[in-house]
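Scroll down for the structure; my scribbles are underneath it.
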Amino acid sequence: MHSRSYDVLIVGAGIAGCSLAHALSTLPRANPLRIALLERSLAEPDRIVGELLQPGGVNALRQLALDTCLEGIDSVPVRGYCVVDDGKSVHIPYPGTHQGRSFHHGRFIMALRAAAQRARGVELTEATVTDLVEDDLSGSVIGVRATRDGEKETWLAKLVVIADGCFSNFRTVVMGDNGAKSTTKSHFVGVILEDAVLPIPNHGTVALCKGYGPVLLYQISQHCTRMLVDVKTPLPSDLKAHILTNIVPQLPSSLHLPIKAALDKDRIRRMPNSFLPPVRQGVRKGVILIGDAWNMRHPLTGGGMTVAFNDVVMLKTLLSPIRDFGDWNEVKSAIHTWHWTRKPLSSTINILSVALYDLFGADVDEHLAVLRTGCFKYFERGGECINGPVSLLSGISPSPMLLAYHFFSVAFYSIWIMFTHPQLVKTVAKNDEQPSYSVPPLHQYPALTFKALRVFWTACVVFGPLLWSEIRWWAPTSSTYNMNAMLLRTMMPIIPTLGLA
9 MHSRSYDVLI VGAGIAGCSL AHALSTLPRA NPLRIALLER SLAEPDRIVG ELLQPGGVNA
69 LRQLALDTCL EGIDSVPVRG YCVVDDGKSV HIPYPGTHQG RSFHHGRFIM ALRAAAQRAR
129 GVELTEATVT DLVEDDLSGS VIGVRATRDG EKETWLAKLV VIADGCFSNF RTVVMGDNGA
189 KSTTKSHFVG VILEDAVLPI PNHGTVALCK GYGPVLLYQI SQHCTRMLVD VKTPLPSDLK
249 AHILTNIVPQ LPSSLHLPIK AALDKDRIRR MPNSFLPPVR QGVRKGVILI GDAWNMRHPL
309 TGGGMTVAFN DVVMLKTLLS PIRDFGDWNE VKSAIHTWHW TRKPLSSTIN ILSVALYDLF
369 GADVDEHLAV LRTGCFKYFE RGGECINGPV SLLSGISPSP MLLAYHFFSV AFYSIWIMFT
429 HPQLVKTVAK NDEQPSYSVP PLHQYPALTF KALRVFWTAC VVFGPLLWSE IRWWAPTSST
489 YNMNAMLLRT MMPIIPTLGL A
């Protein structure tokens, strides 16, 4: 069995792994760091997510001098979003000159790997990591065991970084009882449409479907458009029939033919939409987690890569003064600082992704449906009602407090709409009849007041636990978790009224 020794060993040559390897290679050192980057397969990956990079991620990529990876892969500029609901649409552009990029995930990964391989001191190797190697005396992780070309090898390093993605094989080993458990409410089901025409060019499209989850569409190359359909668990046995029967009729008519052609031609792919809150690391010596191996959010807002690249920017700065990565006390201090330094951006994107999905994916809950309608009408107001939320979503203005302000503004505006906007009072029974709408009369106000309280409470129940998952730093399995979570839920309705949010 062969053995090799490095300063840093990174497991996983994906978004986080490649960018971190490149970033560490640029640290000022008399002798360049020896960095091993191990990947199970160096073939071009084929995934249906990780294809839209928000402006905040583009800015981070530029800070890492990796923005050239966006060139030469037929990537497409993204200038904002178009939200479609029941035939109506609202334009949500990015502020100013900010723009994101969308692309084929595999092409982008191959560009990142090429950049990492060119970096000073980085060795990119195709090998399957099977175990972590521990020091018998201290219990510290000092390397990994991996299989390469059928032979088992030991790779030793002063610091091991696990970046093997959402299906991490080492998350539980590294975090142990201190780790959080990922939860999956739904899956994204994806196909590629050919030469589809979106409502607004160079904009992602989010279509809200009554009774079902949202649909996300964005162009990933000159002729290809990705369509992701959110399907709640348990998945229907016939996904194609589900999409054609329940989803396609609610989408813009210009997309119907490309979707039907794609479903006939393309293999339907699916990916779990998981949420994994971050828990402070450092208990296991010699090893850390980054990327989706440690922290995941719902992919609806396309924030995963933005968080990962910004994490690498912060880690590069925090690890730069450390001369010896074998000094765990120094590394641990940097990791703890990173945990809190990343919060403004990561917490904003994590919370927003799940909160927005809960609103956009509302199906049977009438109070969530009220919030969903209010959210769409909030966007229709324009101005700061668009600039604020899209600045949060894009990673341009990371601020959990600003997020709380807009979230509860949506809640209060939703309640206002219940009392003041015309509501449907009669549905269409015959082809020649029109639906009837009217403003609620005064005698309905007592019932509406009670419903308004339920709507506000629902907003608190959505936002509160998400905020709590970012505030706490210990494992959610702790004996105090349930009591503290209950206390927070009780306090949440008070926070907005005190103006603390």
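So the sequence shown is numbered by our numbering: it starts at 9 and just counts up by one.
Each residue gets a CB set at the ideal place from its N, CA and C atoms; glycine is no exception.
This one's a predicted model, so the numbers in the text were calculated from it and none came from an experiment.
My guess is that residue i and residue j are in contact by the Cβ rule of under 8 Å, so how many angstroms apart are they, rounded?
i: Ser110; j: Glu59; result: 6 Å
i: Leu41; j: Leu50; result: No, Leu41 and Leu50 are not in contact; Cβ-Cβ is about 22 Å, not under 8 Å.
i: Gly403; j: Gln62; result: 5 Å
i: Ala301; j: Ala171; result: 6 Å
i: Met235; j: Leu225; result: 5 Å
i: Pro103; j: Ser399; result: 6 Å
i: Pro430; j: Val418; result: 20 Å between Cβ atoms; not a contact.
i: Ile200; j: Asp274; result: 6 Å
i: Ala68; j: Thr349; result: That pair is no contact at about 14 Å.
What does a CB cutoff of less than 8 Å around residue i pick up in its chain, not counting 5 residues either side in sequence?
i: Ala370; result: Leu376, Ala377, Leu379, Arg380
i: Asn281; result: Thr192, Lys193, Ser194, His195, Phe196, Asp238, His306, Pro307, Leu308, Tyr365
Between residue i and residue j, what straight-line distance do the alpha-carbon atoms span, to the nearest angstrom?
i: Val98; j: Ile394; result: 10 Å
i: Lys240; j: Arg292; result: 36 Å
i: Trp163; j: Val149; result: 11 Å
i: Ile18; j: Ile267; result: 40 Å
i: Phe196; j: Ala188; result: 22 Å
i: Thr466; j: Phe384; result: 17 Å
i: Ser341; j: Arg179; result: 21 Å
i: Phe416; j: Ile255; result: 30 Å
i: Ser121; j: Cys77; result: As written in the sequence, residue 121 is Arg, which differs from the Ser given in the question. The straight-line gap from Cα to Cα measures roughly 9 Å.
i: Val137; j: Leu271; result: 36 Å
i: Glu52; j: Tyr453; result: 59 Å
i: Pro242; j: Leu145; result: 47 Å
i: Ala123; j: Val469; result: 44 Å
i: Leu284; j: Leu297; result: 13 Å
i: Phe175; j: Met304; result: 11 Å
i: Ala215; j: Phe368; result: 9 Å
i: Ile56; j: His113; result: 8 Å
i: Arg37; j: Ala29; result: 15 Å
Could one say the Cβ of residue i lies closer than 8 Å to chain D's Cβ atoms, at least one of them?
i: Gly184; result: This model lacks chain D altogether; it includes just one protein chain.
Under a three-way DSSP split, which group does residue i fall into?
i: His99; result: strand
i: Glu478; result: helix
i: Lys248; result: helix
i: Glu79; result: coil
i: Val66; result: helix
i: Leu164; result: strand
i: Ser487; result: The predicted position of Ser487 is uncertain, since its pLDDT is 45 and thus under 50; a value taken from the coordinates is nonetheless stated next. DSSP places Ser487 in coil when its eight states are reduced to three.
i: Lys240; result: strand
i: His344; result: helix
i: Cys26; result: helix
i: Tyr220; result: coil
i: Lys189; result: coil
i: Ala124; result: helix
i: Phe317; result: helix
i: His112; result: coil
i: Arg55; result: coil
i: Asp94; result: coil
i: Ser13; result: strand
i: Met444; result: In the sequence as presented, Met is not what sits at residue 444; that position holds Ser. Three-state result, Ser444: strand.
CB-CB under 7 Å to residue i, same chain, minus the five flanking residues each way: which ones, in chain order?
i: Phe387; result: Val91, Val98, Ile100, Cys393, Ile394
i: Thr253; result: none
i: Gly310; result: Leu60, Gln62
i: His106; result: Pro63, Ser402, Ile404
i: Trp346; result: Met322, Leu323, Leu326
i: Asn244; result: It should be noted that the sequence gives Pro, not Asn, for residue 244. The answer, listed in chain order, is His250.
i: Ala119; result: Cys77, Ile81
i: Ala204; result: Thr233, Leu263, Pro266
i: Gly173; result: Gly20, Gly22, Gly299, Asp300, Ala301
Just to confirm my understanding: we take residue i, look at its own chain, exclude 5 residues before and 5 after, and list those with CB closer than 6 Å. What are they?
i: Ala316; result: Ile23, Ala24, Gly299
i: Ser13; result: Leu164
i: Ala135; result: Leu46, Ala154, Arg156
i: Ser486; result: Interpretation of Ser486 is limited by its pLDDT of 46, a score under 50 that renders its predicted location unreliable; the figure taken from the coordinates is listed afterwards. Once the five neighbours on either side are set aside, Ser486 has no close Cβ partner at all.
i: Val295; result: Val149, Val168, Val182
i: Arg278; result: His195, Val197
i: Asp15; result: Leu41, Arg42, Lys166, Phe333
i: Gly88; result: Ile100, Pro101, Tyr102, His211
i: Asn26; result: Asn is not the amino acid found at residue 26; the sequence shown has Cys there. Hits under 6 Å: Leu120, Arg121, Ala124.
Does the ligand COA have even one heavy atom less than 7 Å from the beta-carbon of residue i?
i: Val92; result: Among the ligands in the structure shown, none appear at all, so the ligand COA cannot be discussed.
Does the count of Cβ pairs from the segment 124-131 and the segment 419-426 closer than 8 Å reach three? no
Does the segment 406-419 come close enough to the segment 319-336 to have 3 or more Cβ pairs within less than 8 Å? no
Three or more beta-carbon pairs under 8 Å between the segment 66-74 and the segment 354-364, yes or no? no
Using a Cβ distance threshold of 8 Å, determine whether the segment 167-186 contacts the segment 221-236, with at least three qualifying pairs required. no
Does the structure place the segment 329-346 close enough to the segment 195-209 that three or more beta carbon pairs sit under 8 Å? Touching, no, given that fewer than three Cβ pairs across the two stretches are closer than 8 Å.
So, does the segment 344-360 touch the segment 462-481, judging by three or more C-beta pairs under 8 Å? yes
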